[in-house]
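Asks:
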């Protein structure tokens, strides 16, 4: 098995990123994904304080940033660990030193479970996983056995229940109890609780709709918990929630752990949600730096299209200069128009800062994030943050 | 300037890909981007024969595949070179041995033009570029001078005219002549012709709408050509066209070079176009192999979401098994439903083959393509095709 060597392009790209450290934000070549470290750290502190004040475990979702450095930073600020969605994300972050990782998703492929079991055996990381089928439990046990993982409670297993998303998860109630009982038959596993995440609810614009969806999800969780208690299980940890709804899960007193991810960076899509009363407000901390490379009387065209930022949840917002609207220019271009007639269009060569529509798939397009200290206009590049699990879809 | 070493994840991922060579398609871990080599080669041959029969230069767009291996394959089948959209794409492909590369897009950043000029000096590749501003011409000349690129006609420069896309390009007619005259003042450059691509027209579903758009584009080209001839220029090469419209550009007898890209792989979006009479039909050759990892009575969920395939031009089509419709399951999931009540849903662990909605940004999510010979059901992995310019957005 021969490793294909890294391409010259990737080496050059990362060297170029590294070379910007200590330099002005003006020296960053475009398009580049830039983190406003000051804003990010305020978001980090705010969520840590929120979880602490409400006596909740915080397990941020690292599917969003895919970075071991940021996962460790979250854990240094009170997080018990992180979630990921994919086996190879978990292994990439574990190899880069993240010590507590929960795959909040189902894995059925034997090859993946074998890789994971090897990680459980060899790495100093505590791993967890979600299941929604007996096959998922049995294949996991088989993979751990093949990798000679022995002992008691070597892996945490959460049973996913469908709380309204209509995607993965067993139905609330008895089906979850059946799976918990199957898990309990295997001492190598530990039944760790319920995975209960309502992805769709995160993006309802109207706070009343979000409240309604999470109320139904809470009911599904409470029902399942009651059945588990009746079957002799202890009260399970219920883990879930996202940046769009976590105040609702908190208020329900049903969830014990928050899986918020986007709060760290905040994207344009979340900003389009109408804020709920009393919800903390997070700042945009993730930006695409782009440059105007074509210009006429009607519009300017910047060099960042949807190979630089994901648009499946909506187009980016133009952060700076003010008064511009972004129109889809396809893979490599963004068309910038004046929001109102007569407003100023940027000139050829000018910098344009965008807030991506959706941070998770945007980060996944880039190998590195450039961390800037001191603001986007006058700041300096403080560090290069590696996206360790970029492209780790397996 | 220290290069950041490649992540363990990336090395592991590429090794894993390399390890599949010679093995059955069934052994490919999911999600993976798979090329049906037999279908791709038929597409390749068909387009090469078409261009030859119509006495047209073929310069396929490598922004689609970003692979030096595929660019060389296209050139071995009659292409005069390839196009790209970005400076770093051009340099990545040039360093991997592609000898004729045209950046069919504007570049204004001095840092990029300096990188490019170094490439012109050091690499055995013929480079071309598009311009739509005097600043673009002047900065290019300055960068070539700084890199000590001397001599005559060291770089081909095309003037982009806006033929109806409403994005980049000067207006047809005199503005293009002005730029051609500016280019002609600099012996290091060669005025090579007109860039005339109508991106929007590619995706009109109705062939009559496509015909109308390309008729207007042809008029804009013919007008500009007449003005150039009147100003003493020779008849310029007009380059453009895409997979959705190239029969129309051909029929106009205005274009001399075709920049088709997607014909090699064909995505679900192009397949949704209603075919024009007499247009060659290309086969789907690019697939996402995915696996069912959750299942209930209503639907199955596969492990490929929009971090595995781009959905901004529409959702993927389910190629196999038949009778399924793909619904958006977000970043890491696809929800598969029966197209008609009572149809069979795949079981947990089953393979599902998808045709991506849009090939260009899908390829850009992956480091490698797995080239399969002998079909998706019984074939073997013949080779790993590197996506050399993945993420090269600069």
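Residue numbers (my numbering), protein chains in the order written: chain A, 1080 to 1473; chain B, 1080 to 1473.
Ideal Cβ positions, reconstructed from N, Cα and C, are used throughout, including at glycine.
Just so you know, these numbers come straight off a predicted model, no measurement behind them.
Let me see if you follow: with CB-CB separation under 8 Å, is residue 1240(B) close to chain A or not?
Replies: no
Asks: Of all the options 1371(A), 1304(A) and 1390(A), which has the alpha carbon lying nearest to the alpha carbon of residue 1415(A)?
Replies: Distance from the Cα of residue 1415(A) is smallest, within the candidate group 1371(A), 1304(A) and 1390(A), for 1371(A).
Asks: Name the residues in the stretch 1383-1403 of chain B whose C-beta lies less than 8 Å from a C-beta of chain A; which are they?
Replies: 1383, 1385, 1386, 1387, 1389, 1390 and 1391
Asks: Could you tell me whether any Cβ in chain B is nearer than 8 Å to the Cβ of residue 1317(A)?
Replies: no
Asks: Does the count of Cβ pairs from the stretch 1140-1148 of chain A and the stretch 1101-1108 of chain B closer than 8 Å reach three?
Replies: No: fewer than three Cβ pairs fall under 8 Å.
Asks: If you count every other CB in all the chains shown that lies within 10 Å of the CB of residue 1421(B), and 16 or more means buried, which is it?
Replies: exposed
Asks: Taking 7 Å as the cut-off, is the C-beta of residue 1203(B) nearer than that to any heavy atom in the ligand FAD?
Replies: Within the structure as shown, the ligand FAD is missing, as the structure has no ligands at all.
Asks: Can you tell which of 1177(A), 1428(A) and 1385(A) has its C-alpha closest to the C-alpha of residue 1205(A)?
Replies: 1177(A)
Asks: Buried or exposed for residue 1115(A), please, with buried defined as at least 16 other CB atoms from any protein chain shown within 10 angstroms of its CB.
Replies: The C-beta of residue 1115(A) has 16 or more other C-beta atoms within 10 Å across all chains shown, which makes the residue buried.
Asks: Is the separation between the beta-carbon of residue 1225(A) and that of residue 1196(A) shorter than 8 Å?
Replies: yes
Asks: Determine the DSSP secondary structure at residue 1187(A), reduced to helix, strand or coil.
Replies: Looking at residue 1187(A) - three-state DSSP - the assignment turns out to be coil, as it is neither helix nor strand.
Asks: Return the bridge partner residues of residue 1375(B) from the DSSP annotation.
Replies: Answer is none; residue 1375(B) lacks a bridge partner.
Asks: Tell me which same chain residues have a C-beta within less than 7 Å of the C-beta of residue 1384(A), skipping the five on either side of it?
Replies: Counting only Cβ-Cβ distances below 7 Å, and skipping sequence neighbours, we find 1408, 1409, 1410, 1411, 1412 and 1413.
Asks: I want to verify the contact list: residues of chain B whose CB lies under 7 Å from the CB of residue 1139(A), in sequence order.
Replies: In chain order: nothing, as chain B lies at least about 16 Å away.
Asks: Kindly list, in the order they appear in chain A, the residues whose Cβ is closer than 7 Å to that of residue 1430(B).
Replies: Correct list: empty, because the minimum Cβ distance to chain A is about 10 Å.
Asks: Identify every run of the alpha helix (DSSP H) within the stretch 1092-1160 of chain B, keeping only runs that are complete inside it and at least 4 residues long; order them along the chain.
Replies: DSSP runs (the alpha helix (DSSP H)) wholly in the stretch 1092-1160 of chain B: 1116-1132 and 1147-1155.
Asks: Can you check which of these residues, 1357(A), 1237(A), 1361(A) and 1351(A), is closest to residue 1339(A) by C-alpha distance?
Replies: Distances from the CA of residue 1339(A) to each of 1357(A), 1237(A), 1361(A) and 1351(A) were compared; the closest alpha carbon is that of 1361(A).
Asks: Does residue 1285(B) pass the burial test, meaning 16 or more other C-beta atoms within 10 Å, or should it be called exposed?
Replies: exposed
Asks: At least one CB of chain A closer than 8 Å to the CB of residue 1109(B): is that the case?
Replies: yes
Asks: Check the Cβ of residue 1372(A) against every Cβ in chain B and list those closer than 7 Å, keeping chain order.
Replies: 1185, 1186 and 1187
Asks: State the CB to CB distance for the pair residue 1322(A) and residue 1342(A), rounded to an integer number of angstroms; the pair is presumed to be in contact (CB under 8 Å).
Replies: Rounded, the Cβ-Cβ distance is 5 Å, consistent with contact.
Asks: Assuming the contact rule is C-beta atoms closer than 8 Å, residue 1241(A) and residue 1248(A) should be a hit. Round their C-beta distance to whole Å, please.
Replies: The distance from the Cβ of residue 1241(A) to that of residue 1248(A) is about 4 Å, consistent with a contact at the 8 Å cut-off.
Asks: For residue 1452(B), which option in 1442(B), 1463(B) and 1445(B) has the closest C-alpha, if you only look at C-alpha atoms?
Replies: The residue with the shortest Cα to Cα distance from residue 1452(B) is 1463(B).
Asks: Going by DSSP, what residues sit across from residue 1318(B) in a beta bridge?
Replies: 1274(B) and 1336(B)
Asks: Quick check: residue 1272(B) and residue 1316(B), are their CB atoms within less than 8 Å of each other?
Replies: The answer is yes: Cβ separation under 8 Å.
Asks: Got a sec: is the Cβ-Cβ distance from residue 1278(B) to anything in chain E below 8 Å?
Replies: The structure shown contains no chain E; its protein chains are A and B.
Asks: So, for residue 1223(A): in the same chain, excluding its five sequence neighbours on each side, which residues have a beta-carbon less than 6 Å away from its beta-carbon?
Replies: 1196 and 1267
Asks: Compare the C-beta of residue 1455(B) with all C-beta atoms of chain A and state if any pair is closer than 8 Å.
Replies: no
Asks: For residue 1450(A), tell me which candidate among 1304(A), 1293(A), 1461(A) and 1444(A) has the shortest Cα-Cα distance.
Replies: 1461(A)
Asks: Would you mind telling me which residues of chain B sit closer than 7 Å to residue 1321(A), beta carbon to beta carbon, in chain order?
Replies: Within chain B, no residue comes near residue 1321(A); the closest Cβ sits about 11 Å away, beyond 7 Å.
Asks: Check residue 1324(B) in the structure and name its three-state DSSP category.
Replies: In this structure, DSSP gives residue 1324(B) a state outside helix and strand, which the three-state scheme calls coil.
Asks: Take residue 1441(A) and list the residues in its own chain whose beta-carbon comes closer than 6 Å to its own, dropping the five residues that flank it on each side.
Replies: 1388, 1389 and 1435
Asks: Does the contact criterion of 3 or more C-beta pairs under 8 Å hold for the stretch 1422-1432 of chain B versus the stretch 1392-1408 of chain B?
Replies: Using a C-beta cut-off of 8 Å, the stretch 1422-1432 of chain B makes contact with the stretch 1392-1408 of chain B, since at least three inter-stretch Cβ pairs fall below that distance.
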